[in-house]
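**Student:** The structure's right below; bear with me while I get my questions together.
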Amino acid sequence: MAEEFDTTKPIYIQIMERINKKIVRNEWKAGEKLPSVREMAVETGVNPNTIQRTYSELERMGIVETRRGQGTFVTENAEVIERLRERLKRDIVADFVRNMTELGFTLDEMIATLKNYEGDEEGGEQ
Amino acid sequence: MIQFEHVTKKFGSVTALDDVSLRLDKGKIIGVLGANGSGKSTFLKLIAGLIFPTAGNVLVDGEKVTRKISRKVAYLSELDAYYDSFTVQDMLDFYASQFSDFRTEKARDILAFMQIDPSKKWKQLSKGGRGRAKIAFALAREAPILLMDEPLSGLDPMVRESIVKGLVSFVDLERQTIVMTTHEIDEVEPLLDEAVFLRNGTVAERVHVDELRETSRDSVVNRLKKIYKGEERP
Numbered sequence: 001m002a003e004e005f006d007t008t009k010p011i012y013i014q015i016m017e018r019i020n021k022k023i024v025r026n027e028w029k030a031g032e033k034l035p036s037v038r039e040m041a042v043e044t045g046v047n048p049n050t051i052q053r054t055y056s057e058l059e060r061m062g063i064v065e066t067r068r069g070q071g072t073f074v075t076e077n078a079e080v081i082e083r084l085r086e087r088l089k090r091d092i093v094a095d096f097v098r099n100m101t102e103l104g105f106t107l108d109e110m111i112a113t114l115k116n117y118e119g120d121e122e123g124g125e126q
Numbered sequence: 001m002i003q004f005e006h007v008t009k010k011f012g013s014v015t016a017l018d019d020v021s022l023r024l025d026k027g028k029i030i031g032v033l034g035a036n037g038s039g040k041s042t043f044l045k046l047i048a049g050l051i052f053p054t055a056g057n058v059l060v061d062g063e064k065v066t067r068k069i070s071r072k073v074a075y076l077s078e079l080d081a082y083y084d085s086f087t088v089q090d091m092l093d094f095y096a097s098q099f100s101d102f103r104t105e106k107a108r109d110i111l112a113f114m115q116i117d118p119s120k121k122w123k124q125l126s127k128g129g130r131g132r133a134k135i136a137f138a139l140a141r142e143a144p145i146l147l148m149d150e151p152l153s154g155l156d157p158m159v160r161e162s163i164v165k166g167l168v169s170f171v172d173l174e175r176q177t178i179v180m181t182t183h184e185i186d187e188v189e190p191l192l193d194e195a196v197f198l199r200n201g202t203v204a205e206r207v208h209v210d211e212l213r214e215t216s217r218d219s220v221v222n223r224l225k226k227i228y229k230g231e232e233r234p
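Chains as they are written, first to last, in the UniProt record's numbering: chain A, 1 to 126; chain B, 1 to 234.
What follows is the structure, given as structure tokens:
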């Protein structure tokens, strides 16, 4: 539909990940209001119950807060956002290291590769 | 809440549903999925009070389903049953005269959202236009239960997307439950809370969509294929 979803992962988690990325990128700033459950459901073509679950989960993690009658807002707690940023970074590095290790690269080789990395081919041509 | 208690439905010597017992809760979007002839339409029609069980009971909010259940249940048929010469507006008036829970204002909003011109005659609408108009009429009722038989069938991807967005925009899951049959599972999957898989007139399995993904790392489509795998097809 409007957005594609990985079929083997719960949709509420995939939407959570998308929101987390927007917050970490500072596209959605601290204290900013999130779209309403309905708006988000329409935008993504997803069941409003699923979006509600996403928002509840984010709230449980302290990343957003719901103010009665006003809506849901990105937390203004900079520490929480910083922790989220760190966690996402570590997750990606962990994936990278696992994949590289499977291919037999050592940590030193990985570090050297990262230092010399100039983007993928398309990026390099720009 | 919808309840099936040991429901069997036969058409002559053909058994369409065979001893089905299950309970569907309020406030959900539920997909009834399965191959052609697995009993999906029969399942919906029994809830709508359009046909009645050969054995067993179908209950809506604890009340045994009769023809009068149409007060509580909006049924969207996969067939067209409208007069060609009627305009969309005429049909809107007709619905308003038949169902006390029909909200004319809401119907206009949904038609506008779906980009349907109310002055158009039914026969002037494309198949996609008719598909969207039917959804608009069903959604404009404040019926606690909305039944949709193949709402996306035979429509192009743009129309299907418009219908899905219309559904999400206008359904009130605080008060409504949607039960739909479909073969367009890929597209509908993000909409579903639960899926009921029918095979040969029985419930082969019933799942919560996100739980299925979480615990089995499986999509609804894959699950359906697994359920049918290895079965001889006529």
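The beta carbon of each residue, even a glycine, is placed where N, CA and C say it ideally should be. Quantities reported herein were computed from a predicted structural model and do not represent experimental measurements.
Would a C-beta distance cut-off of 7 angstroms place ILE2 (chain B) and VAL60 (chain B) closer than the cut-off?
**Tutor:** Cβ atoms of ILE2 (chain B) and VAL60 (chain B): closer than 7 angstroms.
**Student:** Check whether the Cβ atoms of LYS21 (chain A) and ARG213 (chain B) sit closer than 7 angstroms, and answer yes or no.
**Tutor:** No, Cβ-Cβ distance for LYS21 (chain A) and ARG213 (chain B) is not below 7 angstroms.
**Student:** Where ARG38 (chain A) and MET91 (chain B) are concerned, what is the direct C-alpha to C-alpha distance, given to the nearest angstrom?
**Tutor:** For ARG38 (chain A) and MET91 (chain B), the distance between alpha carbons rounds to 28 angstroms.
**Student:** With ASP149 (chain B) as the anchor, note down where its alpha helix (DSSP H) starts and where it stops.
**Tutor:** No alpha helix (DSSP H) contains ASP149 (chain B), which is instead part of the beta strand (DSSP E) from 145 to 149.
**Student:** So, at 7 angstroms on beta carbons, what are the nonlocal neighbours of GLY27 (chain B) in its own chain, with the 5 sequence-adjacent residues on each side left out?
**Tutor:** Hits under 7 angstroms: LEU173, GLU174, THR177.
**Student:** Does the beta carbon of ASP172 (chain B) come closer than 7 angstroms to any beta carbon on chain A?
**Tutor:** Answer no: the Cβ-Cβ gap between ASP172 (chain B) and chain A never drops below 7 angstroms.
**Student:** Determine contact between the region 70 to 78 of chain A and the region 215 to 224 of chain B, defined as no fewer than three beta-carbon pairs at a distance below 8 angstroms.
**Tutor:** The region 70 to 78 of chain A is not in contact with the region 215 to 224 of chain B.
**Student:** Less than 8 angstroms between C-beta atoms, sequence neighbours within five positions excluded: which residues of the same chain meet that for PRO234 (chain B)?
**Tutor:** Low confidence applies here, because PRO234 (chain B) scores a pLDDT of 46, under 50, leaving its location unreliable; read the following figure in that light. Hits under 8 angstroms: none found.
**Student:** Hey, would you say LEU22 (chain B) sits closer than 7 angstroms to LEU147 (chain B), going by beta carbons?
**Tutor:** Result no, Cβ atoms of LEU22 (chain B) and LEU147 (chain B) do not sit closer than 7 angstroms.
**Student:** According to the Cβ coordinates, are LEU198 (chain B) and GLY34 (chain B) closer than 7 angstroms?
**Tutor:** Yes.
**Student:** Report the residue from B:ARG67, B:PHE86, B:PHE137, B:SER126 whose alpha carbon sits nearest the alpha carbon of ILE51 (chain B).
**Tutor:** Among B:ARG67, B:PHE86, B:PHE137, B:SER126, the Cα nearest to that of ILE51 (chain B) is on B:ARG67.
**Student:** Smallest Cα separation from LEU152 (chain B): which of B:HIS183, B:ALA138, B:GLY31, B:GLY56?
**Tutor:** Out of B:HIS183, B:ALA138, B:GLY31, B:GLY56, B:HIS183 has the C-alpha closest to the C-alpha of LEU152 (chain B).
**Student:** Whose Cβ in chain B lies nearer than 7 angstroms to the Cβ of ILE11 (chain A)?
**Tutor:** Within 7 angstroms Cβ-Cβ: PRO190, ASP210.
**Student:** Check the Cβ-Cβ distances between VAL37 (chain A) and every residue of chain B, and say whether any is below 7 angstroms.
**Tutor:** Taking Cβ atoms only, chain B never reaches closer than 7 angstroms to VAL37 (chain A), which makes this a no.
**Student:** Can you have a look at TYR12 (chain A) and say buried or exposed, based on whether 16 or more other CB atoms are within 10 angstroms of its CB?
**Tutor:** Label assigned to TYR12 (chain A): buried.
**Student:** Mapping DSSP to helix, strand and coil, what is GLU125 (chain A)?
**Tutor:** With a pLDDT of 44 at GLU125 (chain A), under the threshold of 50, the modelled position of that residue is not reliable, and no figure is offered here.
**Student:** What residues from chain A crowd round ILE29 (chain B), counting only those whose CB sits closer than 8 angstroms?
**Tutor:** Those are ASN47, ASN49, listed as they occur along chain A.
**Student:** Rounded to whole angstroms, what's the CA-CA distance from LEU84 (chain A) to GLN115 (chain B)? Just pull it up for me.
**Tutor:** When rounded, the distance between both Cα atoms is 42 angstroms.
**Student:** Kindly say whether THR7 (chain A), judged by its beta-carbon, lies nearer than 7 angstroms to any beta-carbon of chain E.
**Tutor:** Note that chain E does not occur in the displayed structure, where the protein chains are A and B.
**Student:** To the nearest angstrom, report how far apart ILE30 (chain B) and THR181 (chain B) are at their CA atoms.
**Tutor:** For ILE30 (chain B) and THR181 (chain B), the distance between alpha carbons rounds to 9 angstroms.
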